[in-house]
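Participant:
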Amino acid sequence: MHDTERPMTSVEALLQFARAHVDDAAAQALVDDAARELSGRTIVRPEQQLAPRRFVLRRHKDISGISGVGDVADGVLWPDGTASIRWRGEHPSVVFWDRGRVSVEMIHGHQGATEIVWLDEDDEQPATPTVAGASLKLRRVLEHSLRRPVPCPECSRTAPCSCGIERTEPRLDAVLGALAPWLNTGAGDAE
């Protein structure tokens, strides 16, 4: 490696490995699926023509006695699956939900007392290419490594902890470790 070259990231290594076994579209789909599973968000690329969707939170019954009834908040579901909400009223605020619609419905739905009303149509999204060229064994190794518990870099616990440390890099290291036979030998040798 030259002084001007930077080390390859785990994502770049996974993409390079996948491209050795399947076409570019399938390799990118595999990496995007892994990123979505690791981070909970969809990667949106500049060339994709995806638009945010607007919605309102319509409250039919005010459980808390604070917001009132009617359209109590304006929201946006972003193309990566996250959501943001701006509350209406005398004390407005903004909240962002990384898990998007799931979190909005769980936190603010109040078991049907509040509903999401879409202001924009749901455009049909293009189908994600499948990784048909990858061997079944390779797919199972990747699937298993994505579900394997990863220790927290701070406290080393594999269960959820209060450190709040991101575990993406250790997860990618676990995936690359599971794929090491294919990375080091080639597709035919690891089958």
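The numbering used here applies: residue 1 is where the sequence shown begins, and numbers increase by one. Beta carbons: idealized from backbone N, C-alpha and C, even for Gly. Here the structure is a predicted model, which is why all the values come from computation and not from measurement.
1. Pro-79: which of Gln-48, Asp-71, Arg-58, Gly-65 sits nearest, CA to CA?
2. Express the C-alpha separation of Glu-12 and Val-150 in angstroms, rounding to a whole number.
3. Whole beta strand (DSSP E) runs in the stretch 55-105 with 3 or more residues, listed along the chain?
4. Out of curiosity, what's the CA-to-CA distance linking Glu-166 and Pro-153?
5. For Leu-172 and Ala-35, what's the separation of their Cα atoms in angstroms?
6. Where Val-131 and Glu-121 are concerned, what is the direct C-alpha to C-alpha distance, given to the nearest angstrom?
7. Between Asp-62 and the rest of its own chain, which residues show a CB-CB distance below 6 Å, the 5 nearest in sequence each way excluded?
8. For the putative contact between Leu-119 and Arg-54, defined by C-beta atoms under 8 Å, what is the C-beta separation to the nearest angstrom?
9. Does the stretch 174-181 come into contact with the stretch 6-20, if we say contact requires no fewer than three beta-carbon pairs (one atom in each stretch) closer than 8 Å?
10. Return helix, strand or coil for Leu-176, following the three-state DSSP convention.
11. Using the DSSP secondary-structure output, state which residues sit across from Arg-36 in a beta bridge.
12. Near Ala-117, what residues of its chain come up, given a Cβ to Cβ distance below 7 Å and the 5 sequence neighbours on each side ignored?
13. Between which two residues does the alpha helix (DSSP H) carrying Glu-12 extend?
14. So Gly-112 packs on Gly-100, CB below 8 Å; how close in whole Å?
15. I'd like the span of the beta strand (DSSP E) that includes Ile-43, first residue to last.
16. Using only the alpha-carbon positions, how far apart do Glu-105 and Ala-25 sit?
17. Compute the Euclidean distance between the alpha carbons of Val-95 and Asp-71, then round it to the nearest angstrom.
18. Using a 10 Å radius around the Cβ and a threshold of 16 neighbouring Cβ atoms, would you call His-91 buried or exposed?
19. Among the residues of its own chain, which have a CB less than 7 Å from the CB of Trp-97, if the five just before and after it don't count?
Facilitator: Quick look at the numbers:
1. Position 79 of the sequence shown holds residue 79. When only C-alpha atoms are compared, the closest one is Gln-48.
2. Reading the sequence shown from its first residue, position 150 is the one you call residue 150. Reading the sequence shown from its first residue, position 12 is the one you call residue 12. Rounded to whole angstroms, Val-150 to Glu-12 spans 20 Å at the Cα level.
3. Here the runs fully enclosed are 70-77, 83-87, 94-97.
4. By 1-based counting over the sequence shown, the position of residue 166 is 166. By 1-based counting over the sequence shown, the position of residue 153 is 153. Their Cα atoms are separated by approximately 8 Å.
5. What you label residue 172 is simply residue 172 of the sequence shown in a count that begins at 1. What you label residue 35 is simply residue 35 of the sequence shown in a count that begins at 1. Using only the alpha carbons, I get a separation of about 9 Å.
6. The residue labelled residue 131 in the question sits at position 131 within the sequence shown. The residue labelled residue 121 in the question sits at position 121 within the sequence shown. Reliability of the predicted coordinates at Val-131 is poor, the pLDDT of 47 falling under 50, and no value is obtained from them.
7. Residue numbering aside, residue 62 sits at position 62 when the sequence shown is read from its first letter. Cβ neighbours of Asp-62 beyond the five flanking positions: Gly-68, Val-69.
8. One-based indexing of the sequence shown puts residue 119 at position 119. One-based indexing of the sequence shown puts residue 54 at position 54. Confirmed, Cβ separation roughly 4 Å.
9. Enough Cβ pairs lie closer than 8 Å, so yes.
10. Indexing the sequence shown from 1 puts residue 176 at position 176. Judged by DSSP in its simplified three-state form, Leu-176 adopts helix.
11. Taking the first residue of the sequence shown as 1, we reach residue 36 at position 36. None; Arg-36 has no bridge partner.
12. Within the sequence shown, numbered from 1, the residue matching residue 117 stands at position 117. The question names Ala, but residue 117 is Val in the sequence shown. Shown here for Val-117: same chain residues with a beta carbon closer than 7 Å to its own, the five before and five after excluded, namely Phe-55, Val-56, Arg-58 in chain order.
13. Position 12 of the sequence shown holds residue 12. From DSSP, the alpha helix (DSSP H) with Glu-12 extends over 10-19.
14. Reading the sequence shown from its first residue, position 112 is the one you call residue 112. Reading the sequence shown from its first residue, position 100 is the one you call residue 100. With a Cβ gap of about 19 Å, Gly-112 and Gly-100 do not count as contacting.
15. Counting from 1 along the sequence shown, the entry for residue 43 is found at position 43. Here Ile-43 belongs to no beta strand (DSSP E), and DSSP marks it neither H nor E.
16. As a position in the sequence shown, residue 105 is number 105, starting the count at 1. As a position in the sequence shown, residue 25 is number 25, starting the count at 1. Using only the alpha carbons, I get a separation of about 34 Å.
17. In the sequence shown, counting from the first residue as 1, residue 95 sits at position 95. In the sequence shown, counting from the first residue as 1, residue 71 sits at position 71. Answer to the nearest angstrom: the Cα atoms are 16 Å apart.
18. Taking the sequence shown and counting its residues from 1, the one referred to as residue 91 is at position 91. The residue is exposed, with fewer than 16 neighbouring Cβ atoms inside 10 Å.
19. Translated into the one-based positions of the sequence shown, residue 97 becomes position 97. Excluding positions up to five away in sequence, the list reads Thr-82, Ala-83, Ser-103, Val-104.
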